[in-house]
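Here's what the structure looks like:
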């Protein structure tokens, strides 16, 4: 599979519905920006009335600022995650060429979807924090060694930080597939979906990384975001869908089910003599 082919097929699926897909993709991004701006407004008021200094924004030494950060972060997670899930559901339905789409309101306001999205956001954030700790510790260690003019140990610590950063980025790319797998396997637990996300992208992160780089450079211009974002999200959803169908086809059974045949599995008879050995 090549990035050029994904881009071509994503444009095919977006024909006549680019604006609608843009609005769906902008829902979680817009909600996140609203909460970020509200958080920044609180910080500006604290700075204006002298409750904290500009450096305290980075250190989190002021209790009011730390409480505001925690509250807005929690609300942002709980609000934006169902929106990401709704976007993944709609994009998966577009890539599967379904004629009848699930209403966005029923996805966002569903009680089951909210519980599942809440579990997903806390588990994925916990995994991200766990894998980011080695990188943070190695970076701080390298910085302190450089302050003491210990260049050789600092070089080793810097190399370790780069290695742990690579692992962290790989884990984050694996987690990107979780909303689309949730849309595909709506009746499965979030824990099994996260495990399958790591499994399905174990040797396939290269194509996703090239896809992110290709569209990422285009979206750096900001002006091209309204045109590029729907295409990128559709290509990403199509890529995950292809990975799922490949695994189901070659394994013969559904990945997250027990001995249940899928519609894409090969239907060969087990009777002896049906095919020759050469075949």
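Numbering (my numbering), first residue to last: 1333 to 1611. The beta-carbon is built from N, C-alpha and C at its ideal position, and this holds for glycine as well. Source: prediction; values computed, not measured.
Nearest-angstrom Cα separation, counted from residue 1548 out to residue 1334: If you number the chain shown from 1, residue 1334 lands on position 2. If you number the chain shown from 1, residue 1548 lands on position 216. If I take the Cα positions, the gap works out to 17 angstroms.
Do residue 1493 and residue 1320 count as a contact pair if the criterion is CB distance below 7 angstroms? Any question about residue 1320 goes unanswered here, given that the chain covers just 1333 to 1611.
Beta-carbon proximity list for residue 1337, same chain, < 6 angstroms, skipping 5 on both sides: What you label residue 1337 is simply residue 5 of the chain shown in a count that begins at 1. Contacts found: none.
Supposed close pair residue 1563, residue 1346 - CB separation, criterion 8 angstroms: Here residue 1563 corresponds to residue number 231 of the chain shown, with the count starting at 1. Here residue 1346 corresponds to residue number 14 of the chain shown, with the count starting at 1. Contact between residue 1563 and residue 1346 holds: CB atoms are separated by about 6 angstroms, below the 8 angstroms threshold.
What number of angstroms, rounded off, separates the C-alpha of residue 1505 from the C-alpha of residue 1541? As a first step, residue 1505 is located in the chain shown; it is residue number 173 there, counting from the start. As a first step, residue 1541 is located in the chain shown; it is residue number 209 there, counting from the start. Rounded to whole angstroms, residue 1505 to residue 1541 spans 8 angstroms at the Cα level.
Does DSSP classify residue 1442 as helix, strand or coil? Here residue 1442 corresponds to residue number 110 of the chain shown, with the count starting at 1. Reduced to three states, the DSSP call for residue 1442 is coil.
Let's see if you can read the secondary structure: which residues bound the alpha helix (DSSP H) around residue 1422? To locate residue 1422, count along the chain shown from 1; it is residue 90. Note, residue 1422: alpha helix (DSSP H), 1395-1427.
For residue 1502, three-class secondary structure by DSSP: Translated into positions along the chain shown, residue 1502 becomes position 170. Of the three classes helix, strand and coil, the one that applies to residue 1502 here is helix, per DSSP.
Look at the alpha carbon of residue 1394 and the alpha carbon of residue 1377, and state the distance between them as a whole number of angstroms. Position 62 of the chain shown, counted from the first residue, corresponds to residue 1394. Position 45 of the chain shown, counted from the first residue, corresponds to residue 1377. Approximately 13 angstroms between the Cα atoms of the pair.
Let me know if residue 1435 comes out buried or exposed under the rule of 16 or more other beta-carbons within 10 Å of its beta-carbon. In the chain shown, residue 1435 corresponds to position 103, counting from 1. Flag for residue 1435 reads exposed.
Is residue 1335 helix, strand or coil when you go by DSSP? Position 3 of the chain shown, counted from the first residue, corresponds to residue 1335. Looking at residue 1335 - three-state DSSP - the assignment turns out to be helix.
First and last residue of the alpha helix (DSSP H) that includes residue 1379? Counting from 1 along the chain shown, the entry for residue 1379 is found at position 47. Residues 1350-1380.
For the alpha helix (DSSP H) that contains residue 1391, what are its first and last residues? Mapped onto the chain shown, residue 1391 falls at position 59. 1388-1391 is the extent of the alpha helix (DSSP H) around residue 1391.
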